[in-house]
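Scroll down for the structure; my scribbles are underneath it.
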Amino acid sequence: MTGRPLQLGRRSVLAGSATLLAAPIAVRAQTLAPPQPQQQASGGRTAVIDVSRARADPIPIAIPPLGSDQIGQDIATVITNDLARSGLFRPISSQAFIQGSAGGDPNFQNWKAIGAQALVTGRAEPQGGQIRVEFRLWDVLPQTQIQGTAYTAGQATWRRIAHMIADVIYERLLGEKGYFDTRIVYIAASGPRGRQTKRLAIMDQDSENNRFLTDGSWLVLTPRFHPTRDEIAFMSYANNRPRVYLFNLGNGQQRLLGDFPGMTFAPRFAPDGGSVVMAVATGGGSDIVSVDLGSHASRRLTNSGSIDVSPCYSPDGSQIVFNSDRGGDQQLYVMGAGGGGGKRISFGSGRYATPVWSPRGDLIAFTRFGGESGNFSIGVMHPDGSGERILSEGFSVEGPTFAPNGRVLMFWRQSAARDNRGAGFSSRLVSVDITGFNERVVTTPTDASDPAWSPLAA
Amino acid sequence: MDDWQYQAARDRGLKRNEKLRSLQRQTLPPKARYNPQAGGAPNGGGNPQSDDTAALSAAQRGAIGDYVRRCWATDPGMLDLDKMEVMLTVTTDGGGVVRRANVAPEDAGRVSGNTRLRVFSERAVRAVMDPNCANLPLPPTMLGQTRTFTFRFRP
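Respectively, the protein sequence lines represent chains H and R. The opening residue of the first sequence carries number 899 in the working numbering; numbering runs sequentially from there. The opening residue of the second sequence carries number 598 in the working numbering; numbering runs sequentially from there.
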């Protein structure tokens, strides 16, 4: 496959220098210039037309079929669904199209007339067992091409190519990496409530290609993706000993992680993938332990005599957020990756659990329960504890996981049963934008819980 | 007449015209205007920092800003959105319809080195060129010729 175009170049480096050089000049001008009676606009202009208080409308985009073959139609459909599901794009119905996709430059008036601001054209051509897909992204109003990429791969990977194209469009129009070429690992539950079989399952982020990784013989919980390898850490009750295992997605092999006398649970990989941090039961409490994946040497990071659980690294690996009852109530704490200490960051009403650090580094997501409403809620706060926002509430919502671009959260929502036999009970995966909008149920073949989002595919 | 004689005669004629033109007194103000696309002072003089925006009253600028705001949309979850700001140079035709919108020269370097700011500025361009907002409510006295305005977009 062809690589994505390089975004940084000499111009960006020069631009950075220009900004640095401009700073002292601006300061001097401010010192010498007399006070202006009129507000001075940037760039020394005294008069500008201000436009502010922007709306949050999605970008209207037209995605006609990529060529006349069925596969071109299918690829366009996958791209359309990916972008629509993000809530940040509004794909225009194909029934509104005045013209289909064609070679050469598009007739922009036709796309402008139906309200499109962005347009995708291209073609998909099967060549033997391969498929070549080329696409162009157009900015309709200035009438310019802003992206052009081609992919060649086996025909069976056409869905993946479609996700990759959706990622390129997302990144070009929103300025942040997409998350469509990713997978979700989760716990699939089937059978009557109270006696449910729980299996490790994996699927694409759009709910396709679902497969079960374990047979349900033993209870499994809290799967987590390795940041670089095709590997999952999870907790299993195999042989009635709850411990953390590693599952190799390539060959299906499982191996025990560390050999601790007590229960180990809530594993999470370090950002470099070289170690796992998890909780280890000790007497009446639990401590946080880091285990090196190469040497299997372990290192205790907390020793507070309380229940310290759910550790998660910051994206740069320098800090760990976890929850602890060391202050008398279950709250969130941040400590250095080397362990020791810990500064409390949650101060709202209720108890806090399952913290997870955003890959962007700007937010920590959590589950909160109790408080004024008495319900469970999923929320986010800044790493210093400020700016707490609740994104979703319900009878039971918990276990947030971030998309690899830090833009979307997935968690699971359970509904209350209407009777003792569990009628009406369900457990579903739900995604929500970090702004709190665009909450959607994620389709799974069975009841589902404990989602974990994969990193972007290499 | 040989070629070289013809060439010499033509050069003499051009020089004479140039001399007469330089001796002619200027009786009208310069018509050439600052060209923001060129990024420098025009040959006819003028203030590089001026465009038609200064000829609008504060109320007129506010009305135009409100008009374009209807089409101004950003991604509220964008990282550092609250720090974003971009200036656009917008050119309208005689009917007051936006025909061209570009990042203002003073912001061009900043925008090209920052992916998020570039995306922010592209959405600003789409807002001002949107068919629902491109027909700016200019005062009638400003219609009838090409105009250039400076817009500042903030979240």
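Note that beta-carbon positions come from the ideal geometry of N, C-alpha and C, so glycine has one too. Owing to the predicted nature of the structure, the values given are computational and were not obtained by experimental measurement.
Distance check for A945(H) and P933(H), CA to CA, integer angstroms please. Within the first sequence, the letter at position 35 stands for residue 933(H). Within the first sequence, the letter at position 47 stands for residue 945(H). Low confidence applies here, because P933(H) scores a pLDDT of 37, under 50, leaving its location unreliable; read the following figure in that light. Computed Cα separation, rounded: 16 Å.
Within the same chain, show all residues whose beta-carbon is closer than 7 Å to that of E1286(H), passing over the 5 residues directly before and after it, in chain order. Here the question's residue 1286(H) lines up with position 388 in the first sequence. Excluding positions up to five away in sequence, the list reads G1246, G1277, M1279.
Burial state of P1209(H) (16 or more Cβ within 10 Å): Residue 1209(H) sits at position 311 when you count from the first residue of the first sequence. Here P1209(H) is buried, its C-beta having at least 16 other C-beta atoms within 10 Å.
Count the other C-beta atoms from every protein chain shown that fall within 10 angstroms of the C-beta of P1281(H), then say buried if there are 16 or more, exposed otherwise. Numbered from its first residue, the first sequence carries residue 1281(H) at position 383. P1281(H) comes out buried.
Using CA coordinates, which residue listed in L1147(H), V1330(H), N1005(H), M1062(H) is at the minimum distance from H1124(H)? Residue numbering aside, residue 1124(H) sits at position 226 when the first sequence is read from its first letter. Closest by alpha carbon: L1147(H).
Within chain R, partners of S1015(H) - CB distance below 8 Å: Along the first sequence, one-based indexing puts residue 1015(H) at 117. Checking the displayed sequence, the identity of residue 1015(H) turns out to be Gln instead of Ser. Near Q1015(H) (Cβ distances below 8 Å), the residues of chain R are R723, D727.
For the candidate residues R1034(H), Q1053(H), V1018(H), whose alpha-carbon lies nearest to that of Q1028(H)? If you number the first sequence from 1, residue 1028(H) lands on position 130. The shortest Cα separation from Q1028(H) among R1034(H), Q1053(H), V1018(H) belongs to Q1053(H).
Compute the beta-carbon to beta-carbon distance between G691(R) and L740(R), rounded to the nearest angstrom, for a pair I have assumed lies under 8 Å. For the purposes of this step, residue 691(R) is taken as the residue at position 94 of the second sequence. For the purposes of this step, residue 740(R) is taken as the residue at position 143 of the second sequence. Contact between G691(R) and L740(R) is confirmed by a C-beta separation of about 6 Å, below the 8 Å threshold.
Give the interface partners of A670(R) over in chain H, defined as CB-CB distance under 7 Å, in chain order. By 1-based counting over the second sequence, the position of residue 670(R) is 73. Per Cβ cutoff of 7 Å: A952, R953, A954, D955.
Considering only C-alpha positions, which residue in the set I1012(H), I969(H), G1272(H), H1194(H) is nearest to Q1025(H)? Your numbering for residue 1025(H) matches position 127 in the first sequence. That would be I969(H), whose Cα lies nearest to the Cα of Q1025(H).
Same chain only: Cβ atoms within 6 Å of G1334(H), ignoring 5 sequence neighbours per side: Residue 1334(H) sits at position 436 when you count from the first residue of the first sequence. Excluding positions up to five away in sequence, the list reads L1289.
D679(R) - DSSP class collapsed to helix/strand/coil: Your numbering for residue 679(R) matches position 82 in the second sequence. Reduced to three states, the DSSP call for D679(R) is helix.
Just checking my contact of G693(R) with L735(R) at CB under 8 Å: how many whole Å lie between their CB atoms? On the second sequence, position 96 is the one that residue 693(R) refers to. On the second sequence, position 138 is the one that residue 735(R) refers to. About 4 Å separates the two Cβ atoms, so the contact holds.
Three-way DSSP call (helix, strand, coil) for T1224(H) in this model: Along the first sequence, read from residue 1 onward, the residue named residue 1224(H) stands at position 326. Rather than Thr, the amino acid found at residue 1224(H) in this sequence is Arg. Coil at R1224(H), not helix or strand.
Which class does S1284(H) belong to by DSSP, given the choice of helix, strand or coil? Along the first sequence, one-based indexing puts residue 1284(H) at 386. In this structure, S1284(H) counts as coil in the three-state DSSP scheme.
DSSP three-state assignment for F1293(H), whether helix, strand or coil: The residue you call residue 1293(H) lines up with position 395 of the first sequence. Residue state, collapsed to three classes: coil.
Within this structure, are the beta carbons of V1207(H) and L1191(H) separated by less than 8 Å? For the purposes of this step, residue 1207(H) is taken as residue 309 along the first sequence, with counting starting at 1. For the purposes of this step, residue 1191(H) is taken as residue 293 along the first sequence, with counting starting at 1. Going by C-beta atoms, V1207(H) is not nearer than 8 Å to L1191(H).
Can you tell me which of the three DSSP states V1038(H) falls into? On the first sequence, position 140 is the one that residue 1038(H) refers to. In this structure, DSSP gives V1038(H) a state outside helix and strand, which the three-state scheme calls coil.
Cβ-based contacts, 7 Å cut-off: residues of the segment 1313-1347 of chain H near chain R: Residues of the segment 1313-1347 of chain H with a Cβ closer than 7 Å to any Cβ of chain R, in chain order: D1331, I1332, T1333.
If I1067(H) sits next to L1017(H), beta carbons under 8 Å apart, how far is it from one beta carbon to the other, in whole angstroms? Your numbering for residue 1067(H) matches position 169 in the first sequence. Your numbering for residue 1017(H) matches position 119 in the first sequence. That belief does not hold up - the Cβ atoms of I1067(H) and L1017(H) are roughly 11 Å apart, past 8 Å.
Give the secondary structure of K1075(H) by DSSP, where H, G and I count as helix, E and B as strand, and everything else as coil. Along the first sequence, one-based indexing puts residue 1075(H) at 177. If DSSP states are grouped into helix, strand and coil, K1075(H) belongs with coil.
Between the CA atoms of P752(R) and D679(R) - distance to the nearest angstrom: Mapped onto the second sequence, residue 679(R) falls at position 82. Mapped onto the second sequence, residue 752(R) falls at position 155. Using only the alpha carbons, I get a separation of about 7 Å.
In DSSP terms, what R988(H) is bridged to: In the first sequence, the residue the question calls residue 988(H) occupies position 90. In DSSP, R988(H) forms a bridge with P958(H).
Which residues of chain R have a Cβ atom closer than 7 Å to the Cβ of P1040(H), listed in chain order? The residue you call residue 1040(H) lines up with position 142 of the first sequence. Going along chain R in sequence order, the residues near P1040(H) (Cβ under 7 Å) are V722, M726.
Residue range of the alpha helix (DSSP H) that includes D704(R): Along the second sequence, one-based indexing puts residue 704(R) at 107. Residues 702-709.
Starting from the beta carbon of K1010(H), find every residue of chain R whose beta carbon is closer than 7 Å, and list them in chain order. Along the first sequence, one-based indexing puts residue 1010(H) at 112. From the beta-carbon of K1010(H), the residues of chain R found nearer than 7 Å are P728.
Using 8 Å as the threshold, is the C-beta distance between A1086(H) and A1315(H) below it? Taking the first sequence and counting its residues from 1, one reaches residue 1086(H) at position 188. Taking the first sequence and counting its residues from 1, one reaches residue 1315(H) at position 417. It is not a contact, given that the beta carbons lie outside the stated cut-off.
Taking 8 Å as the CB-CB cut-off, is D1157(H) touching chain R? Position 259 of the first sequence, counting from 1, holds the residue named residue 1157(H). When Cβ-Cβ separations below 8 Å define contact, D1157(H) makes no contact with chain R.
CA nearest to the CA of G1269(H), picked from S1352(H), S1294(H), R1249(H): Numbered from its first residue, the first sequence carries residue 1269(H) at position 371. Of the candidates S1352(H), S1294(H), R1249(H), the one whose C-alpha sits nearest the C-alpha of G1269(H) is R1249(H).
Since G1160(H) and V1142(H) should fall inside the 8 Å C-beta cutoff, what is the C-beta to C-beta distance between them, to a whole number of angstroms? Reading the first sequence from its first residue, position 262 is the one you call residue 1160(H). Reading the first sequence from its first residue, position 244 is the one you call residue 1142(H). Taking 8 Å as the upper bound for CB-CB distance, G1160(H) and V1142(H) are not in contact here, some 12 Å apart.
Quick check on this structure: which residue in G1304(H), A1321(H), H1194(H), D972(H) has the alpha carbon closest to the alpha carbon of S1256(H)? Your numbering for residue 1256(H) matches position 358 in the first sequence. When the alpha-carbon of S1256(H) is set against those of G1304(H), A1321(H), H1194(H), D972(H), the nearest one is in G1304(H).
Members of the segment 1105-1129 of chain H near chain R, C-beta cut-off 9 Å: Cβ proximity to chain R below 9 Å picks out nothing from the segment 1105-1129 of chain H.
Would you report the Cα separation of G1182(H) and L1230(H), rounded to the nearest angstrom? The residue labelled residue 1182(H) in the question sits at position 284 within the first sequence. The residue labelled residue 1230(H) in the question sits at position 332 within the first sequence. Using only the alpha carbons, I get a separation of about 20 Å.
What residues of chain R sit near G1285(H), judged by a beta carbon separation below 7 Å? Counted from its first residue, the first sequence places residue 1285(H) at position 387. Neighbours of G1285(H) on chain R: none; closest Cβ ~12 Å, over 7 Å.
From what residue to what residue does the beta strand (DSSP E) around S1324(H) run? Here the question's residue 1324(H) lines up with position 426 in the first sequence. Note, S1324(H): beta strand (DSSP E), 1324-1331.
If you drop the 5 nearest sequence neighbours on each side, which residues of the same chain put their C-beta closer than 6 Å to that of D600(R)? The sequence position of residue 600(R) within the second sequence is 3, counting from 1. Excluding residues within five positions, none has a Cβ falling inside 6 Å.
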